[in-house]
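The structure under discussion appears below in the form of structure tokens.
Number of protein chains: 2
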Amino acid sequence: MNPNLIEYIRRYISISDQEITIFQSYLKEKKIPKKEFILKQGQLCKSRYYITSGCVRLFYIDNKGNEQIIHFGIENWWITDYESLINKLPSTLYIQAIENTEFLELPEKEFDKLCKEVPQTERFFRKIMEKTYIAIQKRIEYIYSLKGEDQFDIFISANPEFTQRVPQYMIASYLGMSPEFISKIKARRK
Amino acid sequence: MNPNLIEYIRRYISISDQEITIFQSYLKEKKIPKKEFILKQGQLCKSRYYITSGCVRLFYIDNKGNEQIIHFGIENWWITDYESLINKLPSTLYIQAIENTEFLELPEKEFDKLCKEVPQTERFFRKIMEKTYIAIQKRIEYIYSLKGEDQFDIFISANPEFTQRVPQYMIASYLGMSPEFISKIKARRK
DNA sequence: TTCATTTCTTAATCTTGATTAATATTTTTC
DNA sequence: GAAAAATATTAATCAAGATTAAGAAATGAA
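Residue numbers (the working numbering), protein chains in the order written: chain A, 447 to 636; chain B, 447 to 636.
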């Protein structure tokens, strides 16, 4: 079904071909065009999503009415609103496709069954979460120890492809800076 | 052994008394005085720590030589350097007691054994990680949508006891602001 | 109970990056 | 391929909060 996902899972746990088949049987293949939403504010988030191709952004509308991007999701990323999913609260977030996007949906109800049938699933998601946590903690470090300009540089050199795929004002939003400031940075470089 | 921990575990998973006993058998009770370190930069972090009493801070030294606090750990919190623990890299962080602190140590080697003996352990830590992730993501939201003064207010109202337990300059460091700025905020209020 | 260390405050000045507003450029759509 | 929509740039002004430097309080230790 999805060779990337299989390789991805086996990077974290050992799992038989048969178990992989079970795992995959719980996933629904989906596809949405650019600008469509996987999740909107106010909805209950009921699934975990694995992006197979394309790109999405997870964002909220802040007190001033601005869209603030929390993070992006690209190929081979799991994305969801954990707060809504775990605590069964209406979501405060939006997940929107920036490109035409294909993804796999793992509904939380199925997730519980899957964990019973293939117990390593717990281990897999535990490890994914740890990896994700390391990344977000590193991000906190950057926020507090680098000034805006340096954060931009590091983001671009860590994600060079993003410059092509994502409009600059979204990168600005993700980095918590104004789009004008990014223009300024780039102008300084010329 | 530790009634808090038992209650804490049972909040996340169902586990028999016998399994609880096994779980506890893997934990080492430890105690350090104020100002001592659980972990220092350069060391390999080899354990997960559960604080039973007291308070610690997890921090790094930034490019300007300042101590930057990433987060605190108090009663009933798990704390570790995941990057060092998972990727087996020398730590870039310090974990230091702010008060005399008692904690339980779960060495990572034992962790693997424990997961085999009590498989729900995976589920437990997966859930802990999800909860932790929700908290840190919420923090990113605050950083980007509230100005310093409001971040301070929210921190204080969410953690009123901290004002007594932790020096103000450490709260400033956690919030990524200068101690002078916190004085200024407080002066404005009078 | 004094000295030393740690923590906190005040105030002046300076920097980073936001805001505003106008214009330019690129991309999409019909 | 023209019009519309989305994105990017430029420049002037402004504000939040850092930095510096000094002194004041509080805490701790001998």
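Glycine included, C-beta positions come from ideal geometry on N, C-alpha and C. Computed from a predicted model, the values in this text were never measured in an experiment.
Residue i, DSSP secondary structure in three states
i: Leu531 of chain B; result: helix
i: Lys476 of chain B; result: strand
i: Glu513 of chain A; result: strand
i: Arg503 of chain B; result: strand
i: Arg634 of chain B; result: helix
i: Thr547 of chain A; result: strand
i: Arg494 of chain B; result: strand
i: Tyr540 of chain B; result: strand
i: Ile484 of chain A; result: strand
i: Ile461 of chain A; result: coil
Residue i versus residue j: straight-line alpha-carbon distance, rounded
i: Gly488 of chain B; j: Asp527 of chain B; result: 12 Å
i: Thr547 of chain B; j: Lys480 of chain B; result: 7 Å
i: Thr578 of chain B; j: Ile541 of chain B; result: 17 Å
i: Ile516 of chain B; j: Ile532 of chain B; result: 18 Å
i: Arg611 of chain A; j: Ala604 of chain A; result: 14 Å
i: Ser619 of chain A; j: Thr567 of chain B; result: 38 Å
i: Glu607 of chain B; j: Phe598 of chain A; result: 37 Å
i: Ile628 of chain A; j: Arg634 of chain A; result: 10 Å
i: Lys510 of chain A; j: Asp596 of chain B; result: 14 Å
i: Lys584 of chain A; j: Leu592 of chain B; result: 21 Å
i: Thr609 of chain A; j: Ile586 of chain B; result: 23 Å
i: Cys501 of chain B; j: Asn450 of chain B; result: 16 Å
i: Leu504 of chain A; j: Pro536 of chain A; result: 15 Å
i: Asp463 of chain B; j: Glu576 of chain A; result: 28 Å
i: Lys534 of chain A; j: Ile582 of chain B; result: 18 Å
i: Asn512 of chain A; j: Gly519 of chain B; result: 33 Å
i: Cys491 of chain A; j: Ile580 of chain B; result: 14 Å
i: Ser530 of chain B; j: Ile589 of chain A; result: 20 Å
i: Pro636 of chain B; j: Asn448 of chain B; result: Pro is not the amino acid found at residue 636 of chain B; the sequence shown has Lys there. Cα to Cα, the separation comes out at about 44 Å.
Sequence-distant residues of its chain with Cβ nearer than 6 Å to residue i (five each side left out)
i: Glu563 of chain A; result: Ile468
i: Glu482 of chain B; result: Ala543
i: Asp508 of chain B; result: Gln514
i: Gly594 of chain A; result: Met623
i: Glu465 of chain A; result: Val564
i: Tyr444 of chain B; result: Residue 444 of chain B lies beyond the stretch modelled for chain B, which goes from 447 to 636, so this question has no answer here.
Cut-off 7 Å between Cβ atoms - residues of its own chain near residue i, not counting five sequence neighbours on either side
i: Glu551 of chain A; result: Leu473, Lys474, Lys476, Ser493 and Tyr495
i: Ile478 of chain B; result: Ile484, Ala543 and Thr547
i: Tyr454 of chain A; result: Asn522
i: Pro625 of chain B; result: Gln614, Tyr615 and Ala618
i: Phe549 of chain B; result: Lys476, Tyr495, Tyr496, Ile497 and Thr498
i: Ile631 of chain A; result: Glu595 and Phe598
i: Ile452 of chain B; result: Ile466
i: Glu545 of chain B; result: Lys480, Gly500, Cys501 and Arg611
i: Lys486 of chain B; result: Tyr540
Cβ neighbours of residue i in the same chain (closer than 8 Å, five flanking residues each side left out)
i: Leu560 of chain A; result: Ile468, Phe469, Tyr472, Leu552 and Thr567
i: Phe601 of chain A; result: Phe608, Ile617, Tyr620 and Leu621
**Asked** Counting Cβ pairs, one atom from each stretch, are 3 or more of them under 8 Å apart for the region 478 to 498 of chain A and the region 518 to 537 of chain A?
**Response** In short, these stretches touch, since the Cβ pair count reaches three.
**Prompt:** Pairing CB atoms from the region 540 to 560 of chain A with CB atoms from the region 473 to 492 of chain A, are three or more of them under 8 Å?
**Reply:** Between the region 540 to 560 of chain A and the region 473 to 492 of chain A, the count of C-beta pairs closer than 8 Å reaches three or more; the two stretches touch.
**Asked** Can you find at least 3 beta carbon pairs, one from the region 447 to 464 of chain A and one from the region 570 to 589 of chain A, that sit closer than 8 Å?
**Response** The answer is yes - the region 570 to 589 of chain A touches the region 447 to 464 of chain A, with three or more Cβ pairs under 8 Å.
**Item:** Contained beta strand (DSSP E) runs [length at least 3] in the region 565 to 589 of chain A, N- to C-terminal order
**Value:** Entirely contained in the region 565 to 589 of chain A, not one beta strand (DSSP E) run reaches 3 residues.
**Asked** Considering only residues of the region 584 to 628 of chain B, which uninterrupted alpha helix (DSSP H) runs meet the minimum length of 4 residues and lie entirely inside it, listed in chain order?
**Response** Runs of the alpha helix (DSSP H) lying entirely within the region 584 to 628 of chain B, each at least 4 residues long, are 594 to 604, 608 to 611 and 614 to 620 in chain order.
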